[in-house]
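Taken in sequence, the protein lines are chains A and B. The first sequence begins at 1 in the numbering used here and counts up by one. The second sequence begins at 1 in the numbering used here and counts up by one. Here a beta-carbon is modelled for each residue, glycine too, at the ideal position from N, C-alpha and C. Input: a single structure, listed below in structure tokens.
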Amino acid sequence: MPLEHLLLFSFLLFSMGVAGVALRKNLLVILMSVELMLNAVNLAFVGIARLVGGHDAHVMVMMIYVVAAVEVAIGMAIVVNMYRQKDTISVDSFDALRG
Amino acid sequence: MDPSVLALYACCLLALAGGAGVIVLRNPVHAAISLLFTMLALGGAYAMMQAHLLAALQVLIYAGAIVILIVYVIMLLDQGREEVPHPFYPLGVAIGVPLAVLLVVISAPAFMGASAGPEPLITGPEDCTNCESAAVMVKKPDGSLVEASGCEDYVDTDNDGFTDCNDPDCHDNQLCYGTVRAVGGSLLGPFVLPFEVASVLLLAGIAGSILLTGRRPKELEDVIAGPAIAPAPGPQVVSGEGRGQA
Numbered sequence: 001m002p003l004e005h006l007l008l009f010s011f012l013l014f015s016m017g018v019a020g021v022a023l024r025k026n027l028l029v030i031l032m033s034v035e036l037m038l039n040a041v042n043l044a045f046v047g048i049a050r051l052v053g054g055h056d057a058h059v060m061v062m063m064i065y066v067v068a069a070v071e072v073a074i075g076m077a078i079v080v081n082m083y084r085q086k087d088t089i090s091v092d093s094f095d096a097l098r099g
Numbered sequence: 001m002d003p004s005v006l007a008l009y010a011c012c013l014l015a016l017a018g019g020a021g022v023i024v025l026r027n028p029v030h031a032a033i034s035l036l037f038t039m040l041a042l043g044g045a046y047a048m049m050q051a052h053l054l055a056a057l058q059v060l061i062y063a064g065a066i067v068i069l070i071v072y073v074i075m076l077l078d079q080g081r082e083e084v085p086h087p088f089y090p091l092g093v094a095i096g097v098p099l100a101v102l103l104v105v106i107s108a109p110a111f112m113g114a115s116a117g118p119e120p121l122i123t124g125p126e127d128c129t130n131c132e133s134a135a136v137m138v139k140k141p142d143g144s145l146v147e148a149s150g151c152e153d154y155v156d157t158d159n160d161g162f163t164d165c166n167d168p169d170c171h172d173n174q175l176c177y178g179t180v181r182a183v184g185g186s187l188l189g190p191f192v193l194p195f196e197v198a199s200v201l202l203l204a205g206i207a208g209s210i211l212l213t214g215r216r217p218k219e220l221e222d223v224i225a226g227p228a229i230a231p232a233p234g235p236q237v238v239s240g241e242g243r244g245q246a
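And the structure:
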């Protein structure tokens with residue numbers, strides 16, 4: 001598989017994540033879309049590492065794993081708190097900043 | 001075509017299908033299962049690209065922990081399905097569609113290999129002349145450094161289309177690429193500082209999520225809030241409720 005195809009897959013996956021963040025209203029689905037973006041970056045990292053050699057990108061991917069895990073843990077805590085406040089997790093309900 | 005390349009394409013396509021499911025399906029549980037498919041397919045793709053440790057971690061951490069956490073929260077919150085926004089906001093369409101077209105126009109040449117920019121990275125034997133400029137120092141098992149470059153070193157060991165002609169490890173250590181030993185050597189060698197910082201980040205994550213979700217006993221609430229100038233007004237609501245609320 002040429003690198004271009006792999007980067008194309010990664011690009012499409014990242015675009016899906018962006019579209020999910022932009023279009024969906026469910027906070028949980030938005031967090032899942034963020035995970036999609038992180039995974040698209042991971043895919044590009046692994047593919048380029050395969051081409052260039054060395055394991056630096058693998059270490060970087062593991063760092064992204066750590067960040068993703070912490071992000072989900074904190075994000076879920078925030079989602080639960082928001083649900084406790086308004087009994088919904090639709091982002092339309094959280095407009096206190098008049099965004 | 002080599003089976004492993006076919007498998008790589010199949011895994012990537014499955015991942016894309018899963019990603020589409022995440023943003024299209026209305027029921028959050030279905031979206032989470034879709035996300036699980038994406039993670040597993042990406043794990044397969046990593047395995048096809050010889051990133052064995054990452055493939056295992058992908059399944060363990062993403063499919064095994066993160067998706068399960070998401071599913072648990074969906075179960076806890078028990079909210080109904082959501083309507084995908086249907087008439088799209090006109091302003092959003094007016095801004096988003098031209099931006100998307102622009103992005104595709106800019107990036108399409110790179111994917112088609114017709115870029116006027118720098119030469120694409122090595123893609124196959126016919127590009128082997130590029131290897132001349134890709135000389136690398138390869139570390140032999142005995143620790144000595146040898147310069148390896150050029151077409152005579154071109155090897156595509158596993159026929160996956162990814163040449164390893166400037167893969168520092170390909171000559172002696174092809175079998176060890178992407179394994180726990182190799183990645184761990186990087187992780188505990190040059191990257192030991194990020195490794196340690198990651199543990200601090202994880203600790204902060206643990207503390208943060210406990211603070212955010214835990215229902216604290218009342219006396220602890222006072223300690224965390226700092227020395228109160230006046231006693232808390234009125235009877236306390238059930239702990240945890242209304243915290244942080246104006």
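Please specify which runs of the beta strand (DSSP E), each continuous and at least 3 residues long, are wholly inside the segment 47-86 of chain A, giving them in chain order. Runs of beta strand (DSSP E) with 3 or more residues, each lying fully within the segment 47-86 of chain A, are absent.
Would a check of beta-carbon distances place B/A31 closer than 9 Å to chain A? Answer yes: the Cβ-Cβ gap between B/A31 and chain A drops below 9 Å somewhere.
Curious, which full-length alpha helix (DSSP H) runs of at least 4 residues does the segment 3-82 of chain B contain? 3-24, 28-48, 52-57 and 67-77
What is the rounded straight-line gap between the Cα of A/M1 and the Cα of B/V5? 6 Å
What does the Cβ neighbour count give for B/I23, buried or exposed, with the cut at 16 atoms within 10 Å? buried
Within 10 angstroms of the Cβ of B/Y72, are there 16 or more other Cβ atoms? Answer buried if so, exposed if not. Counting every other CB atom within 10 Å of its CB across the protein chains shown gives B/Y72 a total below 16, marking it as exposed.
Cβ closer than 7 Å: which chain A residues qualify as neighbours of B/L8? M1
Looking only at DSSP bridge pairs, what is A/S90 linked to? A/N26
Hey, out of B/A108, B/L35, B/V29 and B/G43, whose CA is closest to B/D78's CA? B/V29
Listing by chain order, which chain A residues have their CB less than 7 Å from the CB of B/M49? V46, G47 and R50
Nearest by alpha-carbon distance to A/M76: which of A/A96, A/M62 and A/I30 is it? A/I30
Distance CB(B/G19)-CB(A/G47) smaller than 9 Å: no
Whole angstroms is fine: what's the gap from B/L16's alpha carbon to B/L25's? 14 Å
May I ask you to report which of helix, strand or coil DSSP gives A/M37? helix
Leaving aside the five residues before and after B/N159 along the sequence, list all residues of the same chain whose C-beta is less than 6 Å from its C-beta, in chain order. Reliability fails at B/N159, whose pLDDT of 48 lies under 50, so the model's placement of it is uncertain and the value that follows must be treated cautiously. Taken in chain order, the residues that qualify are D2.
Let me see if you follow: with CB-CB separation under 9 Å, is B/L212 close to chain A or not? yes
Does any CB atom of chain A fall closer than 9 Å to the CB of B/G150? Model confidence at B/G150 stands at a pLDDT of 37, short of 50, so the residue's coordinates are unreliable and nothing is read from them.
Spell out a yes or no on whether the segment 202-218 of chain B and the segment 87-94 of chain A are touching, meaning 3 or more CB-CB pairs, one atom from each, closer than 8 Å. Here the segment 202-218 of chain B does not lie against the segment 87-94 of chain A, with fewer than 3 beta-carbon pairs under 8 Å apart.
How is B/T179 classed by DSSP in three states: helix, strand or coil? coil
Given B/Y46, which residues of its chain have a CB within under 7 Å of its CB, disregarding the five upstream and five downstream residues? L54, A55 and Q58
When you compare only the Cα positions, how much space is there between A/Y83 and A/A49? 41 Å
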